[in-house]
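Q: Pasting in a structure now, in structure tokens, and then I'll have a few things to ask.
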Amino acid sequence: MEDHYNIPTAPIVTARFADYILKDSRSHGMLLRYSFPPHPVGFIPRSHLKDYIKGNDPYTGKPLMQEIIDALTKPLTEEEKNPVVPKRPGHPRLLPPDTEENLHRLFLESGWTDGLPIVLPTEERVAEMLTGTDADPNQVVGRMSIAYYEEKLEYTVEKVAVNAVMAGCRPEHLPVLLAIAATQHPSLPSSTTSFASMLCVNGPIRREIGMNCGLAALSPFNYANSVIGRAWTLMSINFGEARPGDTFMASTGHNLNYNNMTFGENEEDSPFEPFHVEKGFKPEESTVSIFRGWNVLGLGLGNAEEMAKVLRNLPSMAPTGTFVMDPLVARSLIDEGFKTKEELRKFFAEKTGYPPFAINFMVVGGQTNPLWITTDFVYTETESIDKWIPKDGIRKDKKPLRMPEPLVCKDGICTLPG
Amino acid sequence: MTRNNVVTVLDPRGQPSGVFGRRSSGDNPGTILSPRVRPVDDRESMEKLQMAERLDTLEGKLIYLVDVGFPGSKEFLEELAEWFKENMPSVKVVYKQKKFDPYSDDPELWEEIHANKGDGVILGVGG
Numbered sequence: 001m002e003d004h005y006n007i008p009t010a011p012i013v014t015a016r017f018a019d020y021i022l023k024d025s026r027s028h029g030m031l032l033r034y035s036f037p038p039h040p041v042g043f044i045p046r047s048h049l050k051d052y053i054k055g056n057d058p059y060t061g062k063p064l065m066q067e068i069i070d071a072l073t074k075p076l077t078e079e080e081k082n083p084v085v086p087k088r089p090g091h092p093r094l095l096p097p098d099t100e101e102n103l104h105r106l107f108l109e110s111g112w113t114d115g116l117p118i119v120l121p122t123e124e125r126v127a128e129m130l131t132g133t134d135a136d137p138n139q140v141v142g143r144m145s146i147a148y149y150e151e152k153l154e155y156t157v158e159k160v161a162v163n164a165v166m167a168g169c170r171p172e173h174l175p176v177l178l179a180i181a182a183t184q185h186p187s188l189p190s191s192t193t194s195f196a197s198m199l200c201v202n203g204p205i206r207r208e209i210g211m212n213c214g215l216a217a218l219s220p221f222n223y224a225n226s227v228i229g230r231a232w233t234l235m236s237i238n239f240g241e242a243r244p245g246d247t248f249m250a251s252t253g254h255n256l257n258y259n260n261m262t263f264g265e266n267e268e269d270s271p272f273e274p275f276h277v278e279k280g281f282k283p284e285e286s287t288v289s290i291f292r293g294w295n296v297l298g299l300g301l302g303n304a305e306e307m308a309k310v311l312r313n314l315p316s317m318a319p320t321g322t323f324v325m326d327p328l329v330a331r332s333l334i335d336e337g338f339k340t341k342e343e344l345r346k347f348f349a350e351k352t353g354y355p356p357f358a359i360n361f362m363v364v365g366g367q368t369n370p371l372w373i374t375t376d377f378v379y380t381e382t383e384s385i386d387k388w389i390p391k392d393g394i395r396k397d398k399k400p401l402r403m404p405e406p407l408v409c410k411d412g413i414c415t416l417p418g
Numbered sequence: 001m002t003r004n005n006v007v008t009v010l011d012p013r014g015q016p017s018g019v020f021g022r023r024s025s026g027d028n029p030g031t032i033l034s035p036r037v038r039p040v041d042d043r044e045s046m047e048k049l050q051m052a053e054r055l056d057t058l059e060g061k062l063i064y065l066v067d068v069g070f071p072g073s074k075e076f077l078e079e080l081a082e083w084f085k086e087n088m089p090s091v092k093v094v095y096k097q098k099k100f101d102p103y104s105d106d107p108e109l110w111e112e113i114h115a116n117k118g119d120g121v122i123l124g125v126g127g
């Protein structure tokens, strides 16, 4: 309205977001004249709203209505007439040398970690991590911001390697992290509604780097699943500038932000085509697929009709659903007569009223119970990992680090007939 | 490397790019709900944005109260309209609800306000 139609506006935002919105306005070169009533204005009695309007803006201490009138009538200042987007200085590549103890403190107190211990990204460790790809360390991988409108930070292959070291990764994990970084999506996008994310790896790399796709794949018993999920969040913090109350506004936050529900799809035990093949990739290609939403409901038991009922009743801000199901569930659905995910999608779309493309199915788990997890996650993107893998193959340690493999039935009695 | 040795480590943060996220474009309303659509702006284009000249007074003017759709916005703007009625009755206020969601553009509404010779807009309530 201001720029295109030359019509003055007086935007109103509750005082809780005053700092955030003023920064947002400044960084976009428009010094919009906001007024800030107390927070919140939703779900409160009318009498409170009347008092807010007659009272003062708690952020400025000035009468709210006078601010609104002034916003529309006070002549523009020179600063307002000549917008300047502030230019921020870059960071040097290396931090000032210090002791390990002090550097651990610096990383923690600067908000560059997730609060858990990290591995310090020394030059040697980062150089070793970079052996996990042939890509030039200075190659720009992407830009990211967790706050949708804010300035995006640019990151290189080396920056991804730095965060990989911090998360405890080995070079064999780096191609997966580069693919995640190439999506340019943060794992914790800023919203007062507290987003969660999910990450699924498909293709041969799952097995090569020892990801768990079977029993307890979503629990903390697998090195690759753990560090890859964690690294996505460290990258989101450091590339997306996540600062609680400043750029990150999730009211309660979400516990999935620690690891982002990271797993490999159990392609071997699934009767359906792998997820990445659905998205147009070849079975022999390795990919990461990312999702985001809010709700995860863990204990699903029953047939397709029951699954649809649960999804329909899952409160969400979006008409989307992604089921994460044990292979036993997938086989039961085949027994019910669904031959493909397309048929499933059609059925669930009819039952829920959601668009078919917004309903997804992933297969993971160890076949100890035919359970499914219902989420309202929306599918975001699938990115190829292969282009980040060295031409000589995945760079593994001589003796790769692995946690104990889950004990599984090897005589076939655990699975239903395929 | 012992505990008290001085070591050098790399800064983990990305670098400022001069590229900013942009609100969804007019021909693509509702894009905020789609994580796939990521329109961007750069520093130069944003520095060209101009604020509108201000009004000399609100008396006798047509002011649109635009509800962006957050909870409580409608009720707040209704109370705001009441305030104008009681305190500045010459101001003509018109309530409008923005389409889609709080984050999306509504170019048709802006065009309507312009076509109807709206003098100003009060937009809210973000929160």
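Those sequence lines, one after another, are chains A and B. Position 157, counted from 1, in the first sequence is what my numbering calls 157; the numbers after and before it change by one each time, with no gaps. Position 4, counted from 1, in the second sequence is what my numbering calls 4; the numbers after and before it change by one each time, with no gaps. We put the beta carbon where it would ideally sit given N, CA and C, even for glycine. No experiment lies behind these values; they were computed from the predicted model shown.
With distances taken Cα to Cα, identify the nearest neighbour of residue 93 of chain B among B:111, B:65, B:100.
A: The count along the second sequence starts at 1 and reaches residue 93 of chain B at position 93. Checking every option, the nearest Cα to that of residue 93 of chain B belongs to B:65.
Q: Shortest alpha-carbon distance to residue 401 of chain A belongs to which of A:257, A:310, A:209, A:338?
A: Walking along the first sequence from the start, residue 401 of chain A turns up at place 401. That would be A:209, whose Cα lies nearest to the Cα of residue 401 of chain A.
Q: Determine the extent of the beta strand (DSSP E) in which residue 42 of chain B is found, giving its start and end residues.
A: What you label residue 42 of chain B is simply residue 42 of the second sequence in a count that begins at 1. Segment 40 to 42, the beta strand (DSSP E) holding residue 42 of chain B.
Q: Between residue 122 of chain A and residue 125 of chain B, is the Cβ-Cβ spacing less than 8 Å?
A: What you label residue 122 of chain A is simply residue 122 of the first sequence in a count that begins at 1. What you label residue 125 of chain B is simply residue 125 of the second sequence in a count that begins at 1. Not closer than 8 Å, so no.
Q: Please return the same chain residues whose Cβ sits closer than 6 Å to the Cβ of residue 102 of chain B, not counting the five positions on each side in sequence.
A: Within the second sequence, residue 102 of chain B is the residue found at index 102, counting from 1. Taken in chain order, the residues that qualify are 68, 69, 70.
Q: From which residue to which residue does the alpha helix (DSSP H) around residue 8 of chain B run?
A: As a working note, residue 8 of chain B is residue 8 in the second sequence. Per DSSP, residue 8 of chain B belongs to no alpha helix (DSSP H) and is neither H nor E.
Q: Applying the criterion that 16 or more other CB atoms from any shown protein chain within 10 Å of the CB defines a buried residue, is residue 88 of chain A buried or exposed?
A: Working through the first sequence from its first residue, we reach residue 88 of chain A at position 88. It counts as exposed.
Q: Starting from the Cα of residue 20 of chain B, find the closest Cα among A:9, A:182, A:17, A:146 and give me that residue.
A: Locating residue 20 of chain B in the second sequence gives position 20, counting from the first residue. Here the closest residue by C-alpha is A:146.
Q: Quick one: what's got a C-beta closer than 8 Å to residue 29 of chain B's C-beta in the same chain, skipping five residues either side?
A: Here the question's residue 29 of chain B lines up with position 29 in the second sequence. Because residue 29 of chain B sits at a pLDDT of 44, beneath the cut-off of 50, its placement in the model cannot be relied upon, and the following sentence gives the value as read from the coordinates. Cβ within range, chain order: 99, 100, 104, 105, 106, 107.
Q: Any idea if residue 332 of chain A is buried or exposed, counting beta-carbon neighbours within 10 angstroms, 16 or more meaning buried?
A: Walking along the first sequence from the start, residue 332 of chain A turns up at place 332. That one is buried.
Q: Throw me the rounded Cβ distance for the residue 100 of chain A and residue 120 of chain A pair, which I believe falls under 8 Å.
A: As a first step, residue 100 of chain A is located in the first sequence; it is residue number 100 there, counting from the start. As a first step, residue 120 of chain A is located in the first sequence; it is residue number 120 there, counting from the start. So it is a contact: roughly 6 Å between Cβ atoms.
Q: Tell me which residue opens and which closes the beta strand (DSSP E) that residue 292 of chain A is part of.
A: Here residue 292 of chain A corresponds to residue number 292 of the first sequence, with the count starting at 1. Run containing residue 292 of chain A: 287 to 293, per the beta strand (DSSP E) assignment.
Q: Distance cutoff 8 Å, beta carbons only. Does residue 5 of chain B sit that close to anything in chain A?
A: Within the second sequence, residue 5 of chain B is the residue found at index 5, counting from 1. With 8 Å as the cut-off, residue 5 of chain B counts as an interface residue toward chain A.
Q: Alpha carbon to alpha carbon, how far is residue 130 of chain A from residue 91 of chain A?
A: Position 130 of the first sequence, counted from the start, is the residue given in the question as residue 130 of chain A. Position 91 of the first sequence, counted from the start, is the residue given in the question as residue 91 of chain A. So the alpha carbons of these two residues sit roughly 21 Å apart.
Q: Can you name the residues of chain B whose CB is closer than 8 Å to the CB of residue 88 of chain A?
A: Translated into positions along the first sequence, residue 88 of chain A becomes position 88. Neighbours of residue 88 of chain A on chain B, chain order: 16.
Q: Quick check: is the beta carbon of residue 53 of chain B nearer than 8 Å to any beta carbon in chain A?
A: Numbered from 1 along the second sequence, position 53 holds the residue referred to as residue 53 of chain B. Interface residue, yes.
Q: Could you tell me the distance, in whole angstroms, from the CA atom of residue 169 of chain A to the CA atom of residue 201 of chain A?
A: Indexing the first sequence from 1 puts residue 169 of chain A at position 169. Indexing the first sequence from 1 puts residue 201 of chain A at position 201. Approximately 16 Å between the Cα atoms of the pair.
Q: According to DSSP, residue 59 of chain A sits in a beta bridge with which residue or residues?
A: Against the first sequence, residue 59 of chain A aligns to sequence position 59. None, per the DSSP bridge assignment.
Q: Exposed or buried, what is residue 215 of chain A when buried is set at 16 or more other beta-carbons lying within 10 Å of its beta-carbon?
A: Sequence index remark: in the first sequence, residue 215 of chain A carries index 215 (1-based). It counts as buried.
Q: Going by beta carbon distance, what residues of the same chain come within less than 8 Å of residue 340 of chain A, once the five residues before and after it are set aside?
A: On the first sequence, residue 340 of chain A is found 340 positions in, with the first residue counted as 1. Excluding positions up to five away in sequence, the list reads 272, 273.
Q: Going by C-alpha to C-alpha distance, which of A:251, A:52, A:113 sits closest to residue 235 of chain A?
A: Indexing the first sequence from 1 puts residue 235 of chain A at position 235. Measuring from the Cα of residue 235 of chain A, the nearest candidate turns out to be A:113.
Q: Where does residue 129 of chain A sit, in a helix, a strand or coil, going by DSSP?
A: In the first sequence, the residue the question calls residue 129 of chain A occupies position 129. DSSP places residue 129 of chain A in helix when its eight states are reduced to three.
Q: Name the chain B residues that come within less than 9 Å of residue 16 of chain A, Cβ to Cβ?
A: The residue labelled residue 16 of chain A in the question sits at position 16 within the first sequence. The contacting residues are 127.
Q: Taking CB distances under 8 Å as the criterion, tell me whether residue 405 of chain A reaches chain B.
A: As a working note, residue 405 of chain A is residue 405 in the first sequence. Residue 405 of chain A does not count as touching chain B.
Q: Let me know if residue 330 of chain A comes out buried or exposed under the rule of 16 or more other beta-carbons within 10 Å of its beta-carbon.
A: Indexing the first sequence from 1 puts residue 330 of chain A at position 330. Looking at its Cβ environment, which holds 16 or more other Cβ atoms inside 10 Å, residue 330 of chain A is buried.
Q: Leaving aside the five residues before and after residue 123 of chain B along the sequence, list all residues of the same chain whose C-beta is less than 7 Å from its C-beta, in chain order.
A: For the purposes of this step, residue 123 of chain B is taken as residue 123 along the second sequence, with counting starting at 1. 66, 68, listed in sequence order.
Q: Among the residues of its own chain, which have a CB less than 8 Å from the CB of residue 284 of chain A, if the five just before and after it don't count?
A: Within the first sequence, the letter at position 284 stands for residue 284 of chain A. Correct list, in chain order: 203, 204.
Q: Could you please tell me which residues of the stretch 50 to 79 of chain B, in chain order, have their CB closer than 8 Å to any CB of chain A?
A: Here the close residues are 50, 51, 52, 53, 54, 55, 56, 57, 58, 63, 70, 71, 72, 73, 75, 76, 79.
Q: Taking C-alpha atoms, which residue in A:262, A:188, A:198 lies nearest to residue 419 of chain A?
A: Residue 419 of chain A falls outside the range modelled here, since chain A spans only 1 to 418, and no answer is possible.
Q: Which residues of chain B have a Cβ atom closer than 8 Å to the Cβ of residue 91 of chain A, listed in chain order?
A: One-based indexing of the first sequence puts residue 91 of chain A at position 91. Near residue 91 of chain A (Cβ distances below 8 Å), the residues of chain B are 11, 13, 15.
Q: Should residue 32 of chain B be labelled buried (16 or more other beta-carbon atoms within 10 Å of its own) or exposed?
A: Residue 32 of chain B sits at position 32 when you count from the first residue of the second sequence. Residue confidence is low: residue 32 of chain B scores 44 on pLDDT, short of 50, so the model does not pin down where it sits. Its coordinate-derived value is still stated next. By the 10 Å Cβ count, residue 32 of chain B comes out buried.
Q: In angstroms with no decimal places, state the Cα-to-Cα distance between residue 141 of chain A and residue 369 of chain A.
A: Numbered from its first residue, the first sequence carries residue 141 of chain A at position 141. Numbered from its first residue, the first sequence carries residue 369 of chain A at position 369. Roughly 41 Å separates the two Cα atoms.
Q: Under DSSP, the alpha helix (DSSP H) around residue 331 of chain A begins and ends at which residues?
A: Counting from 1 along the first sequence, the entry for residue 331 of chain A is found at position 331. Per DSSP, residue 331 of chain A belongs to the alpha helix (DSSP H) from 327 to 336.
Q: How about residue 327 of chain A and residue 353 of chain A: are their beta carbons less than 8 Å apart?
A: Taking the first residue of the first sequence as position 1, residue 327 of chain A is located at position 327. Taking the first residue of the first sequence as position 1, residue 353 of chain A is located at position 353. No.
Q: Quick check: is the beta carbon of residue 47 of chain B nearer than 8 Å to any beta carbon in chain A?
A: Residue 47 of chain B sits at position 47 when you count from the first residue of the second sequence. Interface residue, yes.
Q: I need the straight-line Cα distance from residue 115 of chain B to residue 8 of chain A, nearest angstrom please.
A: Here residue 115 of chain B refers to the residue found at position 115 when the second sequence is read from its first residue. Here residue 8 of chain A refers to the residue found at position 8 when the first sequence is read from its first residue. In a straight line, the C-alpha of residue 115 of chain B is about 15 Å away from that of residue 8 of chain A.
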